[in-house]
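Participant: Encoded as C-alpha coordinates, here's the structure I'll be asking about.
In our numbering, the protein residues as written are 144 to 294.
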(Lines of atoms letter the chains of each structure in order from A and count residues from 1; the text may use other names and numbers.)
(Lines give C-alpha, C1' and ligand atoms only; values in the text may rest on other atoms or scores of the structure.)
Protein backbone atom coordinates (compact mmCIF):
# COMPACT_ATOMS: atom_id res chain seq x y z
CA UNK A 1 0.00 0.00 0.00
CA UNK A 2 1.31 3.47 -0.86
CA UNK A 3 2.36 5.86 1.87
CA UNK A 4 0.61 8.78 0.11
CA UNK A 5 -1.67 9.10 3.11
CA UNK A 6 0.66 8.52 6.08
CA UNK A 7 -0.72 7.28 9.36
CA UNK A 8 0.35 8.82 12.67
CA UNK A 9 -0.52 7.97 16.25
CA UNK A 10 -1.83 10.34 18.89
CA UNK A 11 -3.79 10.18 22.15
CA UNK A 12 -7.58 10.28 22.14
CA UNK A 13 -8.83 13.83 21.53
CA UNK A 14 -12.21 15.45 22.13
CA UNK A 15 -14.55 14.44 19.32
CA UNK A 16 -12.76 11.16 18.50
CA UNK A 17 -15.28 8.83 20.12
CA UNK A 18 -17.88 9.16 17.35
CA UNK A 19 -15.23 8.21 14.76
CA UNK A 20 -14.04 5.33 16.96
CA UNK A 21 -17.61 4.04 17.27
CA UNK A 22 -18.11 4.18 13.50
CA UNK A 23 -14.87 2.37 12.70
CA UNK A 24 -15.55 -0.23 15.44
CA UNK A 25 -18.93 -1.03 13.86
CA UNK A 26 -17.48 -1.08 10.32
CA UNK A 27 -14.56 -3.31 11.31
CA UNK A 28 -16.62 -5.82 13.22
CA UNK A 29 -19.41 -5.84 10.63
CA UNK A 30 -16.84 -6.72 7.96
CA UNK A 31 -15.33 -9.42 10.20
CA UNK A 32 -18.56 -11.03 11.45
CA UNK A 33 -21.38 -9.99 9.10
CA UNK A 34 -23.91 -12.26 10.83
CA UNK A 35 -23.94 -9.93 13.88
CA UNK A 36 -25.54 -6.46 13.93
CA UNK A 37 -22.81 -4.41 15.57
CA UNK A 38 -24.75 -1.16 15.21
CA UNK A 39 -27.17 -2.67 17.74
CA UNK A 40 -24.22 -3.24 20.08
CA UNK A 41 -23.16 0.41 20.15
CA UNK A 42 -24.73 1.11 23.57
CA UNK A 43 -22.64 -1.74 25.01
CA UNK A 44 -19.50 -0.47 23.24
CA UNK A 45 -20.01 3.08 24.53
CA UNK A 46 -20.28 1.84 28.11
CA UNK A 47 -17.34 -0.51 27.59
CA UNK A 48 -15.11 2.33 26.38
CA UNK A 49 -16.25 4.60 29.22
CA UNK A 50 -15.43 1.83 31.70
CA UNK A 51 -11.99 1.27 30.18
CA UNK A 52 -11.19 4.98 30.39
CA UNK A 53 -12.36 5.09 34.03
CA UNK A 54 -10.01 2.16 34.67
CA UNK A 55 -7.04 4.12 33.27
CA UNK A 56 -6.81 2.43 29.89
CA UNK A 57 -4.97 4.70 27.47
CA UNK A 58 -6.70 5.16 24.13
CA UNK A 59 -4.37 5.75 21.19
CA UNK A 60 -5.71 6.76 17.79
CA UNK A 61 -4.22 6.11 14.38
CA UNK A 62 -5.08 9.08 12.18
CA UNK A 63 -4.58 9.87 8.52
CA UNK A 64 -3.22 13.14 7.08
CA UNK A 65 -6.68 14.73 7.45
CA UNK A 66 -6.74 13.73 11.17
CA UNK A 67 -9.48 11.18 10.48
CA UNK A 68 -9.37 8.35 13.04
CA UNK A 69 -8.70 5.12 11.12
CA UNK A 70 -7.85 2.88 14.07
CA UNK A 71 -7.44 2.80 17.83
CA UNK A 72 -6.26 0.78 20.81
CA UNK A 73 -7.22 0.74 24.48
CA UNK A 74 -4.29 -0.45 26.61
CA UNK A 75 -3.76 -0.72 30.35
CA UNK A 76 -0.06 -0.28 31.05
CA UNK A 77 -0.50 -1.30 34.70
CA UNK A 78 -2.44 -4.47 33.84
CA UNK A 79 -0.55 -5.26 30.64
CA UNK A 80 -3.84 -5.74 28.84
CA UNK A 81 -4.93 -4.81 25.32
CA UNK A 82 -8.70 -4.50 25.63
CA UNK A 83 -9.43 -3.09 22.17
CA UNK A 84 -7.74 -2.75 18.82
CA UNK A 85 -9.71 -1.90 15.71
CA UNK A 86 -8.88 -0.52 12.29
CA UNK A 87 -11.38 0.64 9.70
CA UNK A 88 -11.70 -1.95 6.89
CA UNK A 89 -10.58 0.60 4.28
CA UNK A 90 -7.23 0.66 6.15
CA UNK A 91 -6.76 -3.12 6.38
CA UNK A 92 -3.34 -3.85 4.92
CA UNK A 93 -2.07 -0.35 5.67
CA UNK A 94 0.47 0.42 8.38
CA UNK A 95 -2.25 1.50 10.86
CA UNK A 96 -2.65 -1.80 12.73
CA UNK A 97 1.10 -2.44 12.79
CA UNK A 98 1.79 1.01 14.25
CA UNK A 99 -0.92 0.56 16.88
CA UNK A 100 0.20 -2.89 18.06
CA UNK A 101 3.88 -1.91 18.23
CA UNK A 102 2.98 1.19 20.25
CA UNK A 103 0.87 -0.96 22.60
CA UNK A 104 3.78 -3.37 23.04
CA UNK A 105 6.15 -0.53 23.89
CA UNK A 106 3.64 1.09 26.24
CA UNK A 107 3.01 -1.95 28.40
CA UNK A 108 6.13 -4.08 28.06
CA UNK A 109 3.95 -7.19 28.24
CA UNK A 110 0.40 -7.71 27.04
CA UNK A 111 -2.48 -10.13 27.20
CA UNK A 112 -5.52 -10.05 24.97
CA UNK A 113 -8.36 -12.24 23.87
CA UNK A 114 -9.47 -12.75 20.29
CA UNK A 115 -12.38 -14.55 18.69
CA UNK A 116 -11.31 -17.92 17.33
CA UNK A 117 -13.58 -17.14 14.35
CA UNK A 118 -11.33 -14.20 13.40
CA UNK A 119 -8.35 -15.83 11.63
CA UNK A 120 -7.19 -12.49 10.23
CA UNK A 121 -6.67 -11.16 13.77
CA UNK A 122 -5.09 -14.41 14.97
CA UNK A 123 -2.52 -14.22 12.13
CA UNK A 124 -1.88 -10.55 12.92
CA UNK A 125 -1.15 -11.20 16.61
CA UNK A 126 1.07 -14.18 15.85
CA UNK A 127 2.97 -12.11 13.26
CA UNK A 128 3.67 -9.61 16.05
CA UNK A 129 5.07 -12.20 18.43
CA UNK A 130 2.00 -13.02 20.52
CA UNK A 131 1.76 -16.62 21.71
CA UNK A 132 -1.43 -18.54 22.35
CA UNK A 133 -2.00 -19.13 26.07
CA UNK A 134 -5.37 -20.89 26.32
CA UNK A 135 -8.85 -21.33 24.90
CA UNK A 136 -11.79 -19.56 26.52
CA UNK A 137 -15.37 -18.49 25.81
CA UNK A 138 -16.61 -14.90 25.59
CA UNK A 139 -19.01 -14.49 28.50
CA UNK A 140 -21.25 -12.06 26.59
CA UNK A 141 -21.47 -13.79 23.19
CA UNK A 142 -20.71 -17.41 24.04
CA UNK A 143 -18.24 -17.49 21.13
CA UNK A 144 -14.92 -19.31 21.50
CA UNK A 145 -11.86 -17.14 22.08
CA UNK A 146 -8.11 -17.50 22.41
CA UNK A 147 -6.05 -15.73 25.05
CA UNK A 148 -2.69 -14.50 23.78
CA UNK A 149 0.35 -13.10 25.57
CA UNK A 150 3.33 -11.02 24.55
CA UNK A 151 6.27 -11.35 24.83
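Even for Gly, the Cβ is constructed at its ideal location relative to N, Cα and C.
Hey, quick one: how far does the beta strand (DSSP E) through residue 155 stretch, first residue to last?
Facilitator: Here residue 155 belongs to no beta strand (DSSP E), and DSSP marks it neither H nor E.
Participant: At 4 residues or longer, what runs of the alpha helix (DSSP H) sit wholly inside the segment 214-278?
Facilitator: You should have 238-250 and 262-270.
Participant: Please classify residue 178: is it buried, with 16 or more other beta-carbons within 10 angstroms of its beta-carbon, or exposed?
Facilitator: With fewer than 16 Cβ atoms within 10 Å of its Cβ, residue 178 is classed as exposed.
Participant: Going by the CB atoms, is the gap between residue 213 and residue 166 shorter than 8 angstroms?
Facilitator: Cβ distance < 8 angstroms, so residue 166 and residue 213 count as in contact.
Participant: Curious, which full-length beta strand (DSSP E) runs of at least 3 residues does the segment 161-209 contain?
Facilitator: Entirely contained in the segment 161-209, the beta strand (DSSP E) runs reaching 3 residues are, in chain order, 200-205.
Participant: Excluding the 5 residues preceding and the 5 following residue 228 in the sequence, name in chain order all residues of the same chain whose CB lies nearer than 7 angstroms to its CB.
Facilitator: Taken in chain order, the residues that qualify are 166, 167, 170, 213 and 214.
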